Amino acid sequence: MSLSIVKSVLSGGVIEIAPRGEIDVDTAYEVREAITEVLAKGRPARIELNMRLVTFIDSVGISAMVAGFQTAEVSGVKLVVTEPSRFVHRQLWVTGLLGLFGAPEPYYAGTPTPEVLPGA
């Protein structure tokens, strides 16, 4: 399976990078490059790496995430992982890196998103 990456601008100057597919020895550089491209264009308030649609990640993929985190940190930008798939969550937990990326809860398909009440 290949990897595709979608970049979006969220409210508050946040940039979301959403990879889809497998992040492995053949595709890990794409994640690192996506983070570098965002930082080359400016300094967002935060970069959110949405990992919901990542089905597999190996040690090279984890290394690319850590390199991206370090690049962002040097630039004064916080990089966090959002909505990791259960597989990604487990890999980050096993490697002891879950806290580095903001300790996100795993994404479960079919889980209702919290409803925001008016005035809340």
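Just so you know, we're using the UniProt record's numbering here: the sequence shown kicks off at 1 and counts up by one.
Even glycine gets a Cβ: it sits at the ideal position worked out from N, Cα and C.
The structure presented is a predicted model; accordingly, all values stated were derived computationally and were not measured.
How many Å lie between Val14 and Gly99 at the Cα? Inter-residue distance for Val14 and Gly99 is about 20 Å (C-alpha atoms, whole angstroms).
Mapping the DSSP letters down to three states, classify residue 122 as helix, strand or coil. Because the chain spans 1 through 120 in this model, residue 122 falls outside it and cannot be assessed.
Excluding the 5 residues flanking Pro84 on each side, which residues of the same chain have their C-beta closer than 6 Å to its C-beta? Met51, Pro104, Pro106, listed in sequence order.
Whole-angstrom C-beta distance between Gly76 and Arg43, which should lie under 8 Å: Yes, they are in contact, since the Cβ atoms of Arg43 and Gly76 sit about 6 Å apart, within 8 Å.
Looking only at its chain, what residues have a beta carbon closer than 6 Å to the beta carbon of Glu16, apart from the 5 residues adjacent to it on each side? Here Glu16 has Ser8, Leu10, Glu48, Asn50 as same chain residues with Cβ atoms under 6 Å from its own Cβ, once five neighbours each way along the sequence are excluded.
Out of curiosity, what's the CA-to-CA distance linking Leu39 and Arg46? C-alpha separation (whole angstroms): 10 Å.
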